[in-house]
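Listed in order, the protein sequences are those of chains E and A.
To convert, note that position 191 of the first sequence is 179 in the numbering used here; the numbers rise steadily by one, no gaps.
To convert, note that position 20 of the second sequence is 8 in the numbering used here; the numbers rise steadily by one, no gaps.
We put the CB at the ideal spot given by N, CA and C, even for glycine.
Protein chains: 2
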Amino acid sequence: MSLFDVIAMDADDTLWHNEHIYRQGRIVLIRLLAQYGSPEAIYARLFQIETQNLVHFGYGLKSFTLSMIETAVEFSKGRISGDDIQELIEQNKKMVASEVELVDHVIETVSQLSTKYPLMLITKGDLFEQENKITRSGLGHFFKFIEVVSEKNSETYRHLLEHYSIEPRRFLMVGNSTRSDILPILELGGHAVYIPYPTTWQHENAELPPPNRAGYFKIENISLLPDLLRQLENSGMD
Amino acid sequence: MSLFDVIAMDADDTLWHNEHIYRQGRIVLIRLLAQYGSPEAIYARLFQIETQNLVHFGYGLKSFTLSMIETAVEFSKGRISGDDIQELIEQNKKMVASEVELVDHVIETVSQLSTKYPLMLITKGDLFEQENKITRSGLGHFFKFIEVVSEKNSETYRHLLEHYSIEPRRFLMVGNSTRSDILPILELGGHAVYIPYPTTWQHENAELPPPNRAGYFKIENISLLPDLLRQLENSGMD
């Protein structure tokens, strides 16, 4: 018998590149506000406003765009033009329609693992956007279960595990966000594999667990996941 | 044995009032654009832009606010001020935080039915917003299953029914939108109860089925639902 009932994976910046799409938006904002402040100051204020707005708007591109518009109005002291505001909205539409670019080795790894484990995709954010990306990624059929959630904390995961009747210790989550994919899983007594992503959004960074923390593993890229799983299964772990 | 495995209900403008929140937004927009056009013209253009933007943004308040901003920029030929744009964003935050006002008779009806049937809440729109409303409505615990979907068409419902292993003819859906709650269910061979809402959003109106269409029922308010179900169960229906 396998050690795990389900292997779960994050999507944004784990299965496909996502952060660069937001970066394109920030570049447009910085260009539009060039006369009002430095790129660093604009970026820092945008991040503050995004963080404050999470409670009003949640995650995702529409939320991001509203925060960009709010930053533009504030930074320009209301002098931003209607056309510039419209450019931010058009930028949002482009971002929504951006090609879904898979991270290297994702297809072969996911395809291989799907023959051995039931896979679950757990992604946080805007339902409409995430469903679109799942469809366009072409990866949907590898995943037996797909869950879009509005926040990834230990409560969300506990609820999901209960819903699927999975014991935490028989659950393994893979992702690039220490805050969303790793720490809440370890808190519940599950297993978590951290795959760093070079430009993970600032909000998702939390302190890493110590390397010897029970249930915690780190690999450099997703192609190393099948080997890690094989080692765990062979060792009987625990 | 009961005729139905599940009684499913729409939420916005079926369980709680929703459309008036959007109306408040439209009133602000019409005030801000008063010098540029008539309320009717502004409303009509907003509806066009909202409809066009569904494919980019999906449903929900953030999508609505982006469409309001787009309408404001276009209608004012770019002359809308930054402060006015910011007012639309602040209006969005107010709308998100609006009190959830239940429709008359909802609590007693849902409470009563939940002792007899497994209830499912199926709501379309923004995951973050809908989860917030479900929590604040205090109704969540009456529903055995809660599903937030990005669109309500026959494909969505077919998928849901498969997921829960429910035969369409043993499924009954209750809602105020002919387009989203009634027609797709009848198409699948399920049962649908239409409860008109005085100000249903224009987008949700589709032609009503003929009154004698198999599986289709109409009641004036939700307090009549238990009686209708009793009649159906007693008649053995079909």
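Quick check on the burial criterion: 16 or more other C-beta atoms within 10 angstroms. Buried or exposed for residue i?
i          : result
E/GLU117   : buried
A/THR97    : buried
A/HIS8     : exposed
A/ALA194   : exposed
A/LYS50    : buried
E/ARG28    : Looking at the sequence shown, residue 28 of chain E is not Arg but Glu. Its Cβ having fewer than 16 others within 10 Å, E/GLU28 is exposed.
A/SER223   : exposed
E/HIS44    : buried
E/GLU192   : buried
A/SER125   : buried
A/MET(-11) : exposed
E/ALA60    : buried
Under three-state DSSP, which class holds residue i?
i        : result
E/ILE207 : coil
E/ASP0   : strand
A/PHE159 : strand
E/LYS50  : helix
E/LEU213 : helix
E/THR187 : coil
A/LEU109 : strand
E/PHE131 : coil
E/LEU90  : strand
What are the start and end residues of the alpha helix (DSSP H) that includes residue i?
i        : result
E/GLY70  : 70 to 84
E/VAL16  : 7 to 20
E/PHE255 : Residue 255 of chain E lies beyond the range of chain E shown here (-11 to 226); nothing can be said about it.
A/ALA29  : 27 to 45
E/GLN23  : First-last for E/GLN23: undefined, no H or E at that position.
E/ARG192 : One point to set straight first is that residue 192 of chain E is Glu, not Arg, in the sequence displayed. Element bounds for E/GLU192: n/a, residue is neither H nor E.
A/TYR145 : 142 to 151
E/GLU175 : 171 to 176
E/SER64  : No alpha helix (DSSP H) holds E/SER64; DSSP gives it neither H nor E.
E/SER125 : 115 to 125
Where do the ends of the beta strand (DSSP E) carrying residue i lie?
i        : result
A/TYR182 : 179 to 182
Between residue i and chain A, is the shortest Cβ-Cβ distance under 8 Å, so that the two count as touching?
i        : result
E/ASP0   : no
E/LEU54  : yes
E/GLY46  : yes
E/ILE57  : yes
E/SER165 : no
E/GLU119 : yes
E/VAL84  : yes
E/LYS81  : yes
E/PHE154 : Inspection of the sequence shows that residue 154 of chain E is occupied by Ile rather than by Phe. No, E/ILE154 lies away from the interface with chain A (no Cβ there is under 8 Å from its Cβ).
E/GLN74  : yes
E/ILE210 : no
E/LEU115 : yes
Which residue's Cα is closest to the Cα of residue i: the options?
i         : options                                    : result
E/ARG14   : E/GLU195, E/SER26, E/GLU208                : E/SER26
A/LEU90   : A/LEU212, A/TRP4, A/ALA(-1)                : A/TRP4
A/TYR105  : A/GLU221, A/ILE(-5), A/MET(-11)            : A/ILE(-5)
A/ILE30   : A/GLN40, A/TRP189, A/VAL16, A/VAL43        : A/VAL16
A/ILE122  : A/LEU216, A/SER(-10), A/ASP(-7), A/ASP(-2) : A/ASP(-2)
A/GLU175  : A/ARG157, A/ASP(-7), A/LYS112              : A/ARG157
E/TYR204  : E/GLY178, E/ALA85, E/VAL136, E/LEU54       : E/GLY178
E/ASP(-7) : E/ASP1, E/LEU212, E/MET161                 : E/MET161
E/LEU127  : E/MET108, E/GLU62, E/PRO184                : E/MET108
E/ASP92   : E/LEU212, E/LEU217, E/LEU216               : E/LEU212
A/ILE37   : A/ILE207, A/GLN100, A/GLU58                : A/GLU58
A/SER86   : A/GLY66, A/ASN120, A/SER64, A/VAL61        : A/ASN120
E/GLN79   : E/PRO198, E/GLY113, E/ILE18, E/SER64       : E/ILE18
A/ALA180  : A/THR187, A/PRO186, A/LYS206               : A/LYS206
A/SER168  : A/LYS140, A/ASN41, A/MET83, A/LEU76        : A/LYS140
A/GLY66   : E/ASP71, E/GLU75, E/SER55, E/LEU34         : E/ASP71
A/PHE131  : A/ILE95, A/LEU115, A/LEU(-9)               : A/ILE95
E/TYR47   : E/LEU(-9), E/SER69, E/ASP0                 : E/ASP0
E/ASN6    : E/SER138, E/ASN200, E/LYS112               : E/LYS112
E/GLN74   : A/PHE63, A/LEU148, A/VAL84, A/ARG11        : A/PHE63
List, in chain order, every chain C residue whose beta-carbon is nearer than 7 Å to that of residue i.
i       : result
E/GLY70 : The structure shown contains no chain C; the protein chains it does contain are E and A.
Does residue i come within less than 8 Å of chain E when only Cβ atoms are used?
i        : result
A/SER51  : yes
A/VAL136 : yes
A/ILE110 : no
A/ILE30  : no
A/PHE130 : no
A/PHE35  : no
A/LEU213 : no
A/ILE77  : yes
Verify the contact flag: residue i, CB atom, against every heavy atom of the ligand NAP, threshold strictly below 7 Å.
i       : result
A/THR59 : Inclusion of the ligand NAP in the displayed structure is not the case, the ligand content being empty and no account of it being possible.
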